[in-house]
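Asker: Supplied in structure tokens, the structure appears directly below.
Dropping the structure here:
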């Protein structure tokens, strides 16, 4: 790795080599950094100059990123490659526990592990391996029957802390998941071979075909009616890592024929509401999410939950919330709108739906409390409050959907909210 100040312009072959290696790291991290972009980046840096680090960062970012979700990965790879070589050693220690010479100073945050893996790809095999065990040494047997397997660890790993390989495995697991639901009791009846209610109309019609003689009774049973699933997914900056995983899960639910849902509607919101239902109907998950991302222009932007819910209630509520729809609201509740406006929109959404389930990744923290104004405004108007930060949490949504009495963490948080209001009054 070469320090930023060591590069000189113009016509410096060292600059070309460093930008080329930097583009290779971006490509391994999942960004489309092809040869054409490398040539554009070299020409752009030569034209813009090399006097300021911020100018250099934004020049390269303009050349190598074309989507908002690429910016976080680009920023981490840039920091590791050009600015902070010690942090690369820290990330190496996270991925290689046998390397004992580097101490962990803090846990990895979003995109850092992915960026470090891209920079270290192909180098881990050259690292010194632990010495072979001494044959005369005492052998220690460890009972691993109760240890966590790879799949179990993957199910409990936070989406934000997953590496590239782990996220790919998580997407494969999410593609096999479904969200089964029970049918809703209906007043309408359908002919049945066995049932408790006689169908007098069909019985009389049958008797007319036999000269008015009754030879038996026709039966009927309640016709099963399947509810509609409506998902409102927050794609703001604080939810970007989780919203992608949730959209993979929703795509699997929408394309699973045996789940029982009559229809699956999906909307994204950040600063505006976007309907992506038709995109999730595509069989290929990558094509579906690429089309959804192209239509939703507010990825990793701000958050206006109240305004977006008002738009949904006004434009889509009567269209998609009929016949006992179950609503999944996936957001962290960190809103910039007025709490009163958000509370009114949440109240109308709850009254229009059969069940309103709030999926919040902030529940991954132990001792989570409703301190933000947006969370306090939303919490009283949900039927269930569940976590959504890993695969196991998304799998637990089936319990919240099938059990009307499941409230998740709502009761505990409502007690904390009431205690806080009591202390504020006293």
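Numbering (this note's numbering), first residue to last: 951 to 1376. Idealized CB from N, CA, C, for every residue including glycine.
Counting beta carbon pairs with one atom in the stretch 1230 to 1239 and one in the stretch 1270 to 1282, are three or more of them shorter than 8 Å?
Answerer: Too few Cβ pairs lie closer than 8 Å, so no.
Asker: Going by other Cβ atoms of all chains shown within 10 Å of its Cβ, with 16 needed for buried, is residue 1111 buried or exposed?
Answerer: Buried: at least 16 other Cβ atoms inside 10 Å.
Asker: Answer with buried or exposed for residue 1160, where buried requires no fewer than 16 other C-beta atoms within 10 angstroms of its C-beta.
Answerer: By the neighbour-count rule (16 or more Cβ atoms within 10 Å), residue 1160 is not buried but exposed.
Asker: Can you tell me whether residue 1016 is helix, strand or coil according to DSSP?
Answerer: It is coil, neither helix nor strand.
Asker: Checking contacts by CB at 9 Å: is residue 1159 closer than that to chain C?
Answerer: Annotation note: the requested chain C is absent from the structure, which comprises a single protein chain.
Asker: Got a sec? Which residues, its chain only, sit under 8 Å from residue 970 by beta carbon, not counting five neighbours each side?
Answerer: Result list for residue 970: 988, in chain order.
Asker: Pair every Cβ in the stretch 1136 to 1143 with every Cβ in the stretch 1102 to 1109, then say whether three or more of these pairs are closer than 8 Å.
Answerer: No, they do not touch.
Asker: With a CB to CB cut of under 6 Å and the five nearest residues on each side skipped, what residues in its chain are close to residue 1300?
Answerer: Contacts found: 1306 and 1331.
Asker: Work out the CA separation of residue 992 and residue 966 for me, nearest whole Å.
Answerer: Taking the straight line from one Cα to the other gives about 7 Å.
Asker: Do the stretch 1211 to 1223 and the stretch 1251 to 1268 make contact, defined as three or more Cβ pairs closer than 8 Å?
Answerer: In short, these stretches touch, since the Cβ pair count reaches three.
Asker: Taking residue 1147 as the reference, which of 996, 1167, 1132 and 1158 has the closest Cα?
Answerer: Among 996, 1167, 1132 and 1158, the Cα nearest to that of residue 1147 belongs to 1167.
Asker: If you draw a straight line from the C-alpha of residue 1366 to the C-alpha of residue 1283, how long is it?
Answerer: Taking the straight line from one Cα to the other gives about 17 Å.
Asker: How do the stretch 1152 to 1159 and the stretch 1225 to 1233 stand: do at least 3 beta-carbon pairs fall below 8 Å, yes or no?
Answerer: Not touching, per the Cβ criterion.
Asker: Would residue 1314 and residue 1195 be called neighbours here (beta carbons separated by less than 9 Å)?
Answerer: It is not a contact, given that the beta carbons lie outside the stated cut-off.
Asker: Taking the alpha helix (DSSP H) that residue 1307 falls in, what are its first and last residues?
Answerer: Looking at the DSSP string, residue 1307 is not in any alpha helix (DSSP H); the run it does join, the beta strand (DSSP E), is 1305 to 1309.
Asker: Could you have a look at residue 1184 and say whether DSSP puts it in helix, strand or coil?
Answerer: Reduced to three states, the DSSP call for residue 1184 is strand.
Asker: Should residue 1336 go down as buried or exposed, given a rule of 16 or more other Cβ atoms within 10 Å for buried?
Answerer: Classification for residue 1336: buried.
Asker: Any idea which residues DSSP pairs residue 1195 with across the strands?
Answerer: The partner list for residue 1195 (beta bridge, DSSP) is empty, contrary to what the question assumes.
Asker: Which whole-angstrom value describes the C-beta separation of residue 1311 and residue 1338, a residue pair presumed to lie in contact below a C-beta threshold of 8 Å?
Answerer: Their Cβ separation, rounded to whole angstroms, is 5 Å, which keeps residue 1311 and residue 1338 in contact under 8 Å.
Asker: With DSSP as the reference, identify every bridge partner of residue 1276, one or two as the case may be.
Answerer: DSSP, once it has assigned bridges, lists 1179 and 1305 as partnering residue 1276.
Asker: Nearest to residue 975 by CA position, among 1025, 990, 1372 and 1004, is which residue?
Answerer: Comparing Cα-Cα distances from residue 975 to each of 1025, 990, 1372 and 1004, the minimum goes to 1025.
Asker: Helix, strand or coil for residue 1227, going by three-state DSSP, please let me know.
Answerer: Helix at residue 1227.
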